[in-house]
Amino acid sequence: MQRRFFYLVPLAVFLVMAIYFAVGLTKDPKILPSALIDKPVPDFALPPIEGGPGKGFSSANLKGDGVTIVNVFASWCVPCRVEHPLIARLAELNVAKVYGLNYKDKPKDALRWLAELGDPYTAHGADTKGRVAIDFGVYGVPETFIIDNTGTIRYKHVGPMTADKLEREVLPIIKKLDKGNGQ
Amino acid sequence: MTAEIGHFALILALMIAAVQSVVPLVGAHRDNAEWMAIARPAALTQFGLVAISFGCLTQLYLSSDFSVLNVIQNSHTTKPMIYKIAGVWANHEGSLLLWVLILALFGSAVAAFGANLPPALKARVLSVQAMIAVGFYLFMLLTSNPFERVEVPPINGQDLNPLLQDFGLAIHPPMLYLGYVGFSMAFSFAIAALIEGRVDAAWARWVRPWTLAAWCFLTGGIVLGSWWAYYELGWGGWWFWDPVENASFMPWLAGTALLHSSTVVEKRDTLKGWTILLAIITFSLSLLGTFLVRSGVLTSVHTFASDPARGVFILALLIVVIGGSLALYAWRAPSLVSTGVFQPISREGALLLNNLIMATAAAAVLLGTLYPLMLDAVGGDKVSVGPPFFNSVFIPLMLPMIAAMAIGPMLAWKRADLKPVLARLWAAMIAAVLAMLAVWAWATDGPVMGVIGVGLAAWLFVGTLVELAGRIRLFKVPARESLRRLARTPRASWGMTLGHLGLAITIAGMSGAGAWQTESVQAMKPGETVTVAGYDFTFDGAKDGQGPNYSIVRGTFLVTKNGQPVATLDPEKRVYTVTKRPTTEAAIHSTFWGDLYAVVGDKDKATGAYVTRIYFNPLVAWMWGGVLVMVGAGITSLTDRRHRIGAPAGRRVAGTAPETVKT
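As they're listed, the protein sequences go chains A and Z.
According to my numbering, the first sequence is numbered sequentially starting from 5.
According to my numbering, the second sequence is numbered sequentially starting from 27.
Right, dumping it as structure tokens:
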């Protein structure tokens, strides 16, 4: 009897996995949990990436400064590299300040990454332990948040930014939020 | 017309597969030879039909038929011929068609060349193959039809993702799929054996060539993908622990374990249940890879366009195939009786250790890949798992395995003594220490892992040679006698020796490339020089040019060392006309000790300087070379006499039987 039980283990393990997959299918990893939309940004203050330029940034930077964008990135994340030119383009358009949240990264690697690919950010902050990212509800890197003038999270994109998303969703939302501010 | 022919051929293939999955199986159960015999023509016809279907899709691409959705989305008239062909499988629907083509190819190979298989086993194997095929045909026809037409055809197509317009990547998917799908043979044999309730040495020997072939293809496919990332993504890295890379690496780990455990079944008639389980797991992981890439549950740069309906279908398919086979396993495997008994310190014990470590490594990679998904499903913290996790789990697992790898082949079957074996490995020990000292003297401040890696590589390399020397009794008998023994060494043994030597070389390469990469990023004006790892790179400016469907900025570097010219490097930056997407083409000059690697970036309009990135990647050529040796080892083993002459003699099985009575 005990021997039989032993042979059932692989099946049991697989069935547990299958349940996870089934639940995973019902969730689109690209959709923001509604709980965080229209909530104020969490209180935080991030130091700059060690050895890098700037003073870091905090929740104060995201309030009363028009629409702002927080882009979560890490040097070890391959999709971040893919989306980086688009983040740079977004920053060049000058429609909103783009802040970089460097997630669980080594300062040396992060700085090298920025030197290599260009640094489009108004300022960046190092979240070495990932604490702030958790408060932001970060699923995985990269992620991009749009925050309105009052410091409220209004939109979130999970995964690498695409040209299509940028044109069809991100830019129109920024425009709409900008108008809402009466600017 | 062509699209419709392809579509109908696929539907016919589904129907034939449906017959093939039932009739021979029932025939085998009832011992009805005629019913069993249906498997052969069915498998051959199925392959013919899928080949027609695949040919049709290829023709649609070659003739740029923009009334077909798939062609619109992935092709363009200006695309070079080779990428029109590669475009066939560089998308979700087409790659599935390639998948079933290869599945049908393997099935027809069993049908055509499996004359020495017992008829019942052959019928069951082909039935199981057809069941898998039915699942995939249905998936294609219901959710992913590559032949879908559009009502109003556009003038031209949207072109293929430029990153994929590359020779290495054109042949990468077919290789990878030959590997993935090749493991379906081991799976079908395992299921057939479970139904029959019998696993013996003969069974192991029939499965082995299929597993070996699949392993060779998968190894080649993985390394091609890695090589592509190395020269095309342009930042000198070659492995990123991306979910899709993991998806190909997990079956490789399990498949490697399977290769080793099937040896034990063949030679010693034990570890049967475990080997069957490994065969199921290896193919399950291949299927899981397909699920992860296509269902959209995980985000990856490689992900094909995802669609919830497809995800549900794939999940159902996984539950039927994997769940069904594991249920069959739970029901039937307990009745598989192993007769061989062995002590922990023995060849079997060493192979089992290899298996446990490989399986643990595969499980760790699986956990790391699925962890974000699982945590999300239970509503937990949001996490992401990156290379820090994989490196800190995977590397410590591999260290003891490589250390044991030099010892294992020298242990006797059944029961061995560790002391004399370790004593014989003195040369390997000295080599490891010398290599570590040499590396440490060369780069005192380098990472410790690099030093350990090179030391282990030397240990494994020399240890494998010591084993070979022992086998041919080098210096123990006259040289002529040794040479005669060398010539008579079976190719399967050569496969082991070469495979382990290849891995040693690969590990040395990985350690070098991982630990001592030097890079230099700067803005350079023409005429300026930077020095990286003792090489002087002089930037000779950049010129604009035009390719078939892209524009080029091509930089030129003259590389010298101590004033002697070494190489000219011409990295390119391309912008594809249709998609406006840029790609980098790194220029690489390989030398024995490392690669000179240069990338040219954007021009700064104000100063006229170009951003350039220059790397020295030590020992990278060793890494690719080592993997090639491993693939060569697999092929060598595949040509072993006992595979070529086919049916194993009953004598051998009988010969091993009496031994098993002892202890």
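Every residue, glycine too, gets a C-beta built ideally from N, C-alpha and C.
The residues P146, G163, P164, in chain order, have a CB closer than 7 angstroms to that of P83 of chain A in the same chain once the five nearest residues on each side in sequence are set aside.
DSSP places L491 of chain Z in the helix class (H, G or I) of the three-state scheme. The C-alpha of V136 of chain A lies about 11 angstroms from the C-alpha of V76 of chain A. The beta carbon of M475 of chain Z lies closer than 8 angstroms to those of I421, S537, G540, A541 in the same chain, with the five residues before and after it left out. Secondary structure of Y103 of chain A (DSSP, three-state): strand. In the DSSP assignment, D570 of chain Z is bridged to Z:V579.
Across the structure, R116 of chain A and E174 of chain Z are spaced so that their CA atoms are roughly 47 angstroms apart. The DSSP assignment places complete alpha helix (DSSP H) segments of no fewer than 4 residues inside the region 41 to 100 of chain Z at 59 to 63, 65 to 88, 95 to 100, in order along the chain. Residues are counted here when their Cβ sits less than 8 angstroms from a Cβ of chain Z; for the region 47 to 72 of chain A the count is zero. Interface annotation for the region 7 to 33 of chain A against chain Z: R7, R8, Y11, L12, P14, L15, F18, L19, A22, Y24, F25, A26, V27, G28, L29, K31, P33, criterion Cβ-Cβ distance under 7 angstroms.
In the DSSP annotation of this structure, the continuous segment of the beta strand (DSSP E) that includes A127 of chain A starts and ends at 127 to 131. Counting along the chain, the unbroken beta strand (DSSP E) around Q590 of chain Z starts and ends at 590 to 595. Taking the CA atoms as reference points, N272 of chain Z sits about 11 angstroms from S312 of chain Z. A straight-line Cα-Cα distance of about 8 angstroms links V488 of chain Z and A458 of chain Z. Under the three-state reduction of DSSP, V419 of chain Z is assigned to helix. Under the Cβ criterion of 9 angstroms, V82 of chain A is counted among the residues facing chain Z.
The region 618 to 627 of chain Z makes no contact with the region 196 to 207 of chain Z: fewer than 3 CB pairs, one atom from each, lie closer than 8 angstroms. Cβ contact annotation for L127 of chain Z (same chain, cutoff 6 angstroms, sequence separation greater than five): V76, F80, in chain order. At least one CB atom of chain A sits nearer than 9 angstroms to the CB of I306 of chain Z. Assignment of beta-bridge partners to T564 of chain Z by DSSP yields Z:T555, Z:L584. For V102 of chain A, the closest of A:P111, A:V174, A:L40, A:K108 by C-alpha to C-alpha distance is A:V174.
In the DSSP annotation of this structure, the continuous segment of the alpha helix (DSSP H) that includes S134 of chain Z starts and ends at 118 to 139. Residue-level contact check: S310 of chain Z touches chain A, since one or more beta carbons of chain A fall below 9 angstroms from its beta carbon.
DSSP places I498 of chain Z outside both helix and strand once states are collapsed to three, so it counts as coil. For I151 of chain A, the uninterrupted beta strand (DSSP E) segment begins and ends at 147 to 151. In the DSSP assignment, the residues bridged to A549 of chain Z are Z:V637.
Of the other Cβ atoms in all chains shown, 16 or more fall within 10 Å of the Cβ of W80 of chain A; this residue is therefore buried. With contacts defined as CB atoms closer than 9 angstroms, W267 of chain Z and N417 of chain Z qualify as a contacting pair. Scanning its chain for C-beta atoms nearer than 6 angstroms, with the 5 sequence neighbours on each side dropped, one finds around D139 of chain A the residues P46, in chain order. Residue environment analysis places M107 of chain Z among the exposed positions, since fewer than 16 neighbouring C-beta atoms fall within 10 angstroms of its C-beta.
Residues of chain Z with a Cβ closer than 7 angstroms to the Cβ of E173 of chain A do not exist; the shortest Cβ-Cβ separation is about 17 angstroms. In the three-state reduction of the DSSP assignment, L50 of chain A falls in the strand class. Under the three-state reduction of DSSP output, S62 of chain A falls in the strand class. Listed by position along chain Z, the residues whose Cβ is nearer than 8 angstroms to that of A119 of chain A are V547. Secondary structure note for P200 of chain Z: its alpha helix (DSSP H) is the uninterrupted segment 193 to 222. Proximity of D268 of chain Z to chain A, defined by a Cβ-Cβ separation below 9 angstroms, is satisfied.
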